[in-house]
Amino acid sequence: MFKELSRVFCSYNIESWQTVDFWDKVKLLKVVDSNVNYQSVYRLILRLVKDSYLTVDVEKSRYGQTTYTETENLHDLRSQFCIEPTSTIQDLNLKKEELECEITALKEEIEALHDLKGQFSDIQFKIEQLRQIKIKEINNLKIKIKAINSLINYCS
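When you read off a place in the sequence shown, starting at 1, and then add 1294, the result is the number in our numbering.
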């Protein structure tokens, strides 16, 4: 359960969470919904409190439901150990290559449409409209590539 809970800490800021909030996030990682796993998560949370990675928010804890908030120590731990797996970076690079191929195909289509304008003068306006749509698609794809590059740089 440590691996799954670590992924939760790397993905979320812990602010006024109860045990059930941690458990809900862990279950999103396809962990079996069992009492044993729930208890493991709970024990790990208690250990993180003991080691000063989480604090108990006494004012927000009510009716036997303890509320936890992360400390600066958890920020430090996160910066040391929360590194994106290389498979995620590889997936992002593959997506970027896919988008670049789409751009190349769209550019070729735009050139072909330009050539067709001379052959079909009666629909030149429609052809030009379609060219402009394709140009906008290219610009949108370039924006996505830029976002992927930013994400890769941020995660590396």
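Glycine included, every Cβ here is placed at the ideal spot set by N, Cα and C.
- One Cα belongs to serine 1346, the other to leucine 1400, and the distance between them is close to 55 Å.
- Just so you know, the alpha carbons of lysine 1324 and threonine 1313 end up roughly 17 Å apart.
- For leucine 1445, the uninterrupted alpha helix (DSSP H) run begins and ends at 1418-1449, by DSSP.
- Residues of the same chain with a CB within less than 6 Å of the CB of lysine 1411, apart from the 5 flanking positions on each side, are Gln1418, Ile1421 in chain order.
- Within the same chain, and ignoring the five residues on either side of isoleucine 1404 in sequence, the residues whose Cβ sits closer than 7 Å to its Cβ are Arg1425, Lys1428, Ile1429.
- Of Val1350, Glu1391, Ile1439, Asp1370, the smallest CA-CA separation from phenylalanine 1303 is found for Asp1370.
- Threonine 1365 carries a coil assignment under DSSP once its states are collapsed to helix, strand and coil.
- Valine 1335 sits in a helix when the DSSP states are folded into three classes.
- Judged by beta-carbon spacing, leucine 1445 lies beyond the 9 Å limit of isoleucine 1397, meaning their Cβ atoms are not closer than that value.
- Remark: C-beta atoms of lysine 1319 and aspartate 1327 do not approach each other more closely than 9 Å.
- DSSP, read as helix, strand or coil, puts leucine 1348 in strand.
- In the three-state reduction of the DSSP assignment, glutamine 1374 falls in the helix class.
- CA-CA distance, lysine 1390 to serine 1373, rounds to 26 Å.
- For threonine 1363, the closest C-alpha among the options Thr1349, Tyr1332, Ala1441, Val1335 is that of Thr1349.
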